[in-house]
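The letter at position 4 of the sequence shown is residue 4 when you use UniProt numbering, and the numbering goes up by one with no holes. C-beta: ideal position from N, C-alpha, C; glycine also. Keep in mind the model is a prediction, meaning the values are calculated, not measured. Some notes on the structure that comes next.
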Amino acid sequence: MATQSKILRNKNKKMLKYEVRHRNRCQLCGRPRGYLRFFGLCRLCFRKLAS
């Protein structure tokens, strides 16, 4: 599970030269994989909130 520092570091990063290097993270847990861009959540948090 991502620490708060990783989430904050991801938010505060300046714009990179290449967009590909940016890593989307879940806003609730910080998970970098299974990210749903429209909601800003990972698949696990999305399912938890949907039920």
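- The DSSP-derived three-state label of Cys29 is coil.
- Within its own chain, the residues whose Cβ lies closer than 6 Å to the Cβ of Cys42, once the five positions on either side in sequence are excluded, are Cys26, Arg31, Gly34 and Tyr35, listed in chain order.
- Residue pairing from DSSP places Leu41 in a beta bridge opposite Leu36.
- Phe38 is positioned such that its CB atom lies no closer than 7 Å to that of Phe46.
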